[in-house]
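One structure is given here, and the rest of the page talks about it.
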Amino acid sequence: MSKLVQLKTMALAILCTGAAFAAEPIRIGVPIGLSGANSVVAPGVVQSAQLAVDEINAAGGVLGRELRLEIADDGSGAVGAQKAFDSLVFRKKVDAIISMETSAARNAGLPIVNKGKIPYIYTSFYEGHACSPWLFVNAWVPEQQVPPIVQYFTRNLKAQSFFLIGSDYAFGRGMLAFTRKFIESQGGKVVGEEYLPTDATDWTAVLSKLRASKADALITSTAGGAPNVSLTKQLRATGLNLPYGNLAVDEGTAKSMGADAHGLYLSASYVTAIDSPENQKYLADIAKKYGAALKVPNDLSVPQYEAIYLYKAAVEKAGGTDPEKVRLALPEVAYDGPRGRVRMSKQHHAPLKMYLGQAQADGSVKMIQSFNNISPGEQCPAN
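What follows is the structure, encoded as structure tokens:
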């Protein structure tokens, strides 16, 4: 092929691409903790988001329009989130926000979303009861995630006394407040409850209290990512051997802990071992795209992938990106993805299939039990 023919072929391809996406792109804002506590898990979330966008664009986009990600570092906290949300909503004028964030970042960003009046799909598991006409959640809340661990500990492992450790912010305290009530409802008791700041790295004093308590089991709820790693590493170094349930660890972070994660119990809406055509396709596609750079797909990254498809379905149902029409469409659409069917129909939250698993020596998660169609309970009655 001559150089002239090659140039003509390239030009034709560019023209065809331009024709396919003649309208203005649909911009999705992704404020996320590329720095701070969530920096351990954020790269995997970005990978899943990009995979979804690339798949959708390759299939013709959304109503003939290209999807485009606008990613902003929220620093995993409130101050960074205010800057990131403000930039995305009012300067870049994104059509929607779809992201996994800390609760502190979400709480700081939500008033900006409310002011800008655009849809916000929150893809992180969290402590529950965040409500707004513009906020939708496709990840789990305590009512879905805590009971499998507590009931397994009390019924199967005969634990009666529990020690709770958390990060001192909305997620840590909210999760453990629910956990305490649920433990007591099952006839157990909490013999200790300790918190450290989200950026804490030294758990020595807290672990000394755990040892002194002689608790039958430990349940933790720390900020996702780095605090999970440091706490688990130091716990293992103490030699304490008791059932350990982590309410904030995802499969990717557990794998990054190596031998320290062995034996840890987790409750999740996604594990890579899910045996379904949708999950197998997702795993194959994301492995092909990222190769050796792939971050382990997990309960934080997969909801991000699915949320972009849910937004696509809502835009198609609404006939465009008009925020009010999309907001009304979001509770009515569903997506069959790696976790199964997800629909944010329960007060802007999603009933989910949950899995109880235990980390193995090779970094995999062995599924122990599964629970179908678990309701998020009463979250936002006014929605």
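In our numbering, the protein residues as written are 531 to 913.
Glycine included, every Cβ here is placed at the ideal spot set by N, Cα and C.
Following the continuous beta strand (DSSP E) through residue i, name the residue where it begins and the one where it ends.
| i | result |
| --- | --- |
| Arg871 | Gly870 to Val872 |
| Ala745 | Taken as a continuous stretch (DSSP letters only), Ala745 belongs to no beta strand (DSSP E), as it is neither H nor E. |
| Val895 | Val895 to Ile904 |
| Ser697 | Ser691 to Ser697 |
| Ile804 | That residue, Ile804, is in no beta strand (DSSP E); it is neither H nor E in DSSP. |
| Ala844 | Per DSSP, Ala844 belongs to no beta strand (DSSP E); it is in the alpha helix (DSSP H), Ser831 to Ala848. |
| Gly775 | Tyr774 to Asn776 |
| Asp604 | That residue, Asp604, is in no beta strand (DSSP E); it is neither H nor E in DSSP. |
| Asp866 | Tyr865 to Gly867 |
Which class does residue i belong to by DSSP, given the choice of helix, strand or coil?
| i | result |
| --- | --- |
| Thr768 | helix |
| Gly566 | coil |
| Lys825 | coil |
| Val721 | strand |
| Asp790 | helix |
| Pro555 | coil |
| Ser875 | coil |
| Lys622 | coil |
| Lys883 | strand |
| Leu726 | strand |
| Val643 | helix |
| Leu545 | Note that Leu545 scores 37 on pLDDT, short of 50, meaning its location in the model is unreliable and no value can be drawn from it. |
| Val779 | coil |
| Glu908 | coil |
| Thr632 | coil |
| Glu657 | coil |
| Thr734 | helix |
| Met531 | With a pLDDT of 44 at Met531, under the threshold of 50, the modelled position of this residue cannot be trusted, and the question is left open. |
| Lys785 | helix |
According to DSSP, residue i sits in a beta bridge with which residue or residues?
| i | result |
| --- | --- |
| Tyr650 | Ile627 and Leu665 |
| Gln888 | Tyr795 and Lys896 |
| Arg598 | Arg557 |
| Ser760 | Ser760 pairs with nothing; no bridge assigned. |
| Ser751 | Gly696 |
| Val592 | Arg595 |
Give the range of the alpha helix (DSSP H) segment to which residue i is assigned.
| i | result |
| --- | --- |
| Asn913 | Note, Asn913: premise wrong, no alpha helix (DSSP H); not H, not E. |
| Glu854 | Pro853 to Ala859 |
| Asp584 | Ala572 to Ala588 |
| Asp616 | Ala608 to Asp616 |
| Asp815 | Pro807 to Tyr820 |
| Ala700 | Ala700 to Ser715 |
| Val676 | Pro672 to Gln681 |
Our contact map puts residue i next to residue j with C-beta atoms below 8 Å; I'd like the distance itself, whole angstroms only.
| i | j | result |
| --- | --- | --- |
| Thr731 | Ala753 | Incorrect: roughly 12 Å between the Cβ atoms, too far for contact. |
| Glu596 | Phe551 | 4 Å |
| Ala784 | Ser751 | Actually they do not touch by this definition, with Cβ atoms about 15 Å apart. |
| Lys763 | Asp790 | 5 Å |
| Ser629 | Glu657 | Not confirmed; about 17 Å, so no contact. |
| Phe666 | His878 | 5 Å |
| Tyr774 | Leu794 | 5 Å |
| Val560 | Glu600 | 7 Å |
| Ala638 | Pro757 | Ala638 to Pro757, Cβ: 19 Å. No contact. |
Could you check whether the Cβ of residue i sits closer than 8 Å to any Cβ belonging to chain C?
| i | result |
| --- | --- |
| Ser633 | You won't find chain C in this structure, because it holds only one protein chain. |
Do three or more CB pairs link the segment 635-646 to the segment 814-823 at distances below 8 Å?
-> no
Can you find at least 3 beta carbon pairs, one from the segment 691-702 and one from the segment 712-722, that sit closer than 8 Å?
-> yes
When the Cβ atoms of the segment 853-864 are set against those of the segment 592-608, are three or more pairs found closer than 8 Å?
-> no
Any 3 or more C-beta pairs closer than 8 Å across the segment 674-681 and the segment 893-911 | yes
Could you tell me whether the segment 826-836 touches the segment 565-579, where touching means 3 or more Cβ pairs closer than 8 Å?
-> yes
Does the segment 792-801 come within contact of the segment 551-560, defined as at least 3 CB pairs closer than 8 Å?
-> no
If you pair each beta-carbon of the segment 834-846 with each one of the segment 613-629, do three or more pairs fall below 8 Å?
-> yes
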